[in-house]
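Take a look at the structure set out below.
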């Protein structure tokens, strides 16, 4: 097993897959520096990455949730008990005070890259 | 353990009619401490049934469906054991079988049909005649019990004409029964109009026009003076008081009822002036240990022949026996019924007997609607009224009796469509107004229930019992929900303003094949976990092929996405299909080997198959490769789809079985496998009436009979268990399959998201009858389409797991990490419990039972 890691802009980016590997409105799980990250591609081609762990159920399942929208927010619903999270902020829109971590993600040269070490939640 | 502790009282209930049954239920629900041991002694050999709907028997409703019996281990119900005497001194009642001591005795003996002394009505009734009704001559019947109806039905075979003596409520019911039996029908009524007690002259005239249209011939203002026979003993006809002769082969006497008070009379209890056990407002007789309820009781001297006052009495006595002080509130004698297809209602002072009262009437010969309101002399207070032909306004009007009018009189009377329009009626009602008179539920109680979270009619029914008896107040319940601000929006979610049914039609008619197009043209945003799986299910139902192709994959909930059931730790469970629960030893061994090799936890499911737990996403294809190679296919345990068709072993092995239940279950499971639906669908087939497969708890359940199959629809276990209702009897296998096909397809087309069949049928206007009309009589002209849809499903079925394994693209989804597909999720760990792997989770606590203890021995 090799995990492809590049250093750029003082950030160590981990390549997780080729962009076309991501199905629109579906997630995949990736291992980024030992952390489990859920990476999503929305219908308009944007990328989002959040923690794979469902903070309410404690299981690592978020990438398997249904992607959609609530109002303006792109969302994913936990596949276990369907709480909805804002993909931009990680905030749970159904349970106040609950959030998943958010990771930086980008597409470069057709490759999807995630930066390990999640940002504080609540910032877009 | 000593069963007779001094704390408990012996309660004996005489009679198991509607009121007797309601009393037992009411008492048992209040007597949480088990203060009373209850024995019910009943004359009829059948447990309580719905006498109000008795005539439905002739519409094909079975005795079983009319049953009101609620099994209760705390009640000793003895059927066919009438009480013959009460010994008040020793506080015992005697039956043919023995004696029963009582501390409290409740008489709920009901009434018997009154047969006037018509010459020729009886077999020579000697002084020895037993019971209140001496033997009637063959061909003369009364209309009271299921046995009476069965006898009428049997006698009517091969005969042509029937006459009913009595043109009241019961008489018209009987007339309809004779009609349905194919007899030319006459009604003889002494009063100058039909239903003289309920409706006034003009209402009676309107009623007569309806009745005549149905070829029922009324003979009004005449009495029956004699019943004559032919020399061969067959009935010849009736002599009427105007000298005319009415030939007939059969006579039903429906001339009223009389209270069954003979036990009380013999025991020396005080009776009412016109009979009935005289009781006070607490329903207590002249003996403080004896109570009387229902039609046998004369509450402060008055007997009531309707079920609602009887229910009220039942509640009063139940309350008193647990120390309460409830009193009979007085009776609401309002009636609403459908007689011979005509809606008739009368309420309050229908005949305008209040001094100085005013009438407002409305007659429309075109629509044949007649309505009358009786108002107080200042025209402000509603006193009563009569409605014939259109009774939409009845619930609101009845609840307004004694209060201000809920609107301008003519606006109230004019036919108003579906009655759910304005809601002005219910909004104007005072909180104390009784909305459901059958169960005594007030507007305030309903408003409270809504405030506590009831959001629909089934919810209100469950919380308050309102609308569960005659159902006439259901439109009011809908109004009340509407005016209470409960949104009855059909919108699926924020992305679609449509109900599932509407979306189904849009997708079907416009041939939409993708969610993207649907949401772009008919919705907003990008969907969510509610609308996406619903649309995926609709697309699947409409035969869109493999459920994970193209964009459809992104619509599926994780279970459908991975064709397995997600568990609490993020692993999945695997359920291969085992049709009918029948499996060969070879296949059992394969399941065992797979479970052993992948270290899966195994458990037998309630649907007669085997669930394998603890599979990681990336293991699913390997597991299924082994299963598919051994001949297994997907069990669809993960889908809103047909799950299993359970069976008992049936006639192949069982000495009681009368049909091959296993064979049918397998054939049906293979026919409907993979069928996507608004919710899961379960079924079972039992090989005889012992019902070992528990078919009546299923969405469609089948029970073998000597002549074919009985089909039951709309049952479920789960959160709100429901018994399925009998839909058809003695069906051939061909008819059975046809009806099930149409039932399933109609359900799939029209049900709401996550609405199981029971709730769906409940929500259908007209319920099971409507369903019967649609799928048996083709009332909507849909049957050909439904049949074709099922044929498409059966023809297009393909095993999803086999399809998945054959396609590398599809298999590529089954990975743990996109950048490390061979690394198992490190968060998934197991520990061992009872020899099997289970999720290792800190907070989970296995159940242990500690040391055995001796139970129930008092110190």
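Chains as they are written, first to last, in our numbering: chain A, 74 to 197; chain B, 758 to 1616.
C-beta atoms are modelled at their ideal positions from N, C-alpha and C, and glycine is treated no differently.
Taking a contact as a CB-CB distance under 8 Å, the pair residue 866 of chain B and residue 1053 of chain B counts as one, their CB atoms being some 4 Å apart.
For residue 1437 of chain B, no beta strand (DSSP E) run applies, since DSSP gives it neither H nor E.
Contact annotation: the stretch 1454 to 1465 of chain B does not touch the stretch 1518 to 1530 of chain B, with fewer than three C-beta pairs closer than 8 Å. Taking CB atoms only, residue 1574 of chain B has a neighbour in chain A less than 8 Å away. Taking C-beta atoms under 8 Å as the contact rule, residue 797 of chain B and residue 833 of chain B qualify, at a distance of about 7 Å. For the pair residue 1426 of chain B and residue 1337 of chain B, the CB atoms are nearer than the 8 Å cut-off. Comparing C-alpha distances from residue 1335 of chain B to each of B:859, B:1353 and B:1419 shows the shortest one belongs to B:1419. In the three-state reduction of the DSSP assignment, residue 1485 of chain B falls in the strand class, which pools E and B. A residue is called buried when at least 16 other Cβ atoms come within 10 angstroms of its Cβ; residue 1002 of chain B does not meet this threshold and is exposed. Taking C-alpha positions only, residue 187 of chain A is separated from residue 1570 of chain B by approximately 20 Å. In this chain, the alpha helix (DSSP H) harbouring residue 909 of chain B covers 903 to 913. From the listed residues B:813, B:1554, B:1233 and B:1015, the smallest Cα separation to residue 1157 of chain B is found for B:1233. Taking 8 Å as the threshold, the shortest C-beta distance from residue 925 of chain B to chain A does not fall below it.
A Cβ-Cβ separation of about 14 Å leaves residue 122 of chain A out of contact with residue 138 of chain A under the 8 Å criterion. Of the residues B:1317, B:1043 and B:1475, the one whose Cα lies closest to the Cα of residue 1567 of chain B is B:1317.
Among the residues facing chain A, residue 1475 of chain B is not included, as its CB has no counterpart in that chain under 8 Å away. In this structure, DSSP gives residue 92 of chain A a helical state, which the three-state scheme calls helix. Here the alpha carbons of residue 992 of chain B and residue 929 of chain B stand approximately 21 Å from one another. Our two residues, residue 1089 of chain B and residue 876 of chain B, have alpha carbons roughly 37 Å apart in a direct line. In this structure, residue 1104 of chain B places its C-beta atom within 8 Å of the C-beta atom of residue 1155 of chain B.
Counting along the chain, residue 1525 of chain B sits inside no beta strand (DSSP E); it lies in the alpha helix (DSSP H) bounded by residues 1524 to 1532. Chain A has a Cβ within less than 8 Å of the Cβ of residue 1327 of chain B. Close CB contacts of residue 1186 of chain B within its chain, under the 8 Å cut and outside five residues either way in sequence, are with 1153, 1156, 1157, 1160, 1163, 1192 and 1200 (chain order).
The stretch 919 to 937 of chain B makes no contact with the stretch 838 to 849 of chain B; the number of CB pairs closer than 8 Å stays below 3. The alpha-carbon of residue 961 of chain B is positioned some 27 Å away from that of residue 1006 of chain B.
Beyond the five residues adjoining it in sequence on each side, residue 1218 of chain B comes within less than 7 Å, by CB distance, of 1224 and 1225 in the same chain, given in chain order. For residue 946 of chain B, the closest of B:997, B:906 and B:919 by C-alpha to C-alpha distance is B:997. Distance from the Cα of residue 1312 of chain B is smallest, within the candidate group B:1328, B:1300, B:1327 and B:1293, for B:1293. According to the DSSP secondary-structure assignment, residue 986 of chain B is paired through a beta bridge with B:992. At a C-beta separation below 7 Å, residue 104 of chain A has these neighbours in chain B: 1574, 1576, 1577 and 1580. In the structure shown, residue 1250 of chain B falls within a strand segment according to DSSP collapsed to helix, strand and coil. The beta-carbon of residue 1315 of chain B is placed less than 8 Å from the nearest beta-carbon of chain A. Straight-line measurement puts the Cα of residue 1209 of chain B at about 27 Å from the Cα of residue 1086 of chain B.
Between residue 1461 of chain B and residue 1489 of chain B a beta carbon distance of about 12 Å is seen, past the 8 Å cut, so the two are scored as non-contacting.
The Cβ atoms of residue 1113 of chain B and residue 1073 of chain B do not sit closer than 8 Å to each other. Contact annotation for residue 93 of chain A against chain B: no contact, minimum CB-CB distance about 12 Å [criterion: below 7 Å].
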